[in-house]
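Letter 129 of the sequence shown, counting from 1, is numbered 129 in full-length UniProt numbering, and no numbers are missing. All C-beta atoms in this analysis are idealised placements derived from N, C-alpha and C, irrespective of residue type, glycine included. Here the structure is a predicted model, which is why all the values come from computation and not from measurement. Each remark here refers to the structure printed beneath this line.
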Amino acid sequence: MKHFITLVILASLFASCKAKSPIVTSRNGISKEKISRTEKRNSEKSIDHLIDLATDNVGVKYKYGGTTKAGYDCSGLMFTVFSSENIILPRNSYEQSKIGIVLNQKKDQVQKGDLVFFKTNKSSQINHVGIVIEVFNEEIKFIHSSTSKGVIISSTKEPYYKNSLFQINRIL
Numbered sequence: 001m002k003h004f005i006t007l008v009i010l011a012s013l014f015a016s017c018k019a020k021s022p023i024v025t026s027r028n029g030i031s032k033e034k035i036s037r038t039e040k041r042n043s044e045k046s047i048d049h050l051i052d053l054a055t056d057n058v059g060v061k062y063k064y065g066g067t068t069k070a071g072y073d074c075s076g077l078m079f080t081v082f083s084s085e086n087i088i089l090p091r092n093s094y095e096q097s098k099i100g101i102v103l104n105q106k107k108d109q110v111q112k113g114d115l116v117f118f119k120t121n122k123s124s125q126i127n128h129v130g131i132v133i134e135v136f137n138e139e140i141k142f143i144h145s146s147t148s149k150g151v152i153i154s155s156t157k158e159p160y161y162k163n164s165l166f167q168i169n170r171i172l
């Protein structure tokens, strides 16, 4: 019985070990754990899938409260796209802006898959959202659902969006 208990304890210790260990680097004698290569690849695939799904909806009309191909509002599009990766976002853009890591001071770190938030029409709070599909120099291209044109690709170089860009969040 004593050997059996010892075997059970050893088996549980081995079972709790990770199969893949993360990449660890050392800087100034301090170790820092980084995301494993597999996790990074999976994240990149998820981001590509989100962008593909959003892109597939370009041309779909705007519909207030919409979350289907029959019509989307801006937050409904993000809600639906992220749901495809089992990431449940709140249903409105203001609440979505509270999720993830805010990159406001790090606009040079914006990547595809990040969410861009706007205060449009002199609104006092965030009322519009899109997903970044491309970053080139100081330009951010994003997909969103506009009230006038439905799901489209726009740029922060356009004066309307340049002047109303308020926040950028990283979800993945």
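Alpha-carbon to alpha-carbon, residue j and residue i
i, j, result
"I133", "I47", "9 Å"
"V135", "G71", "27 Å"
"V116", "I131", "6 Å"
"I140", "Q167", "13 Å"
"K106", "Y94", "20 Å"
"S75", "R91", "6 Å"
"L172", "D73", "22 Å"
"S124", "N163", "14 Å"
"N137", "K112", "13 Å"
Closest by C-alpha distance to residue i, when choosing among the options
i, options, result
"S146", "K122, V58, Q96, E139", "V58"
"I153", "P159, Y160, Y161, H144", "H144"
"residue 215", "S36, N104, Y161", "Residue 215 is absent from the model: the chain starts at 1 and stops at 172."
Anticipated Cβ contact below 8 Å, residue i with residue j, distance rounded
i, j, result
"H49", "S84", "7 Å"
- Task: Run through the UniProt domain "NlpC/P60" (44-172) for me and flag every whole beta strand (DSSP E) of 3 or more residues, listed as ranges in chain order.
- Result: 115-118, 128-136, 139-146, 150-155, 165-170
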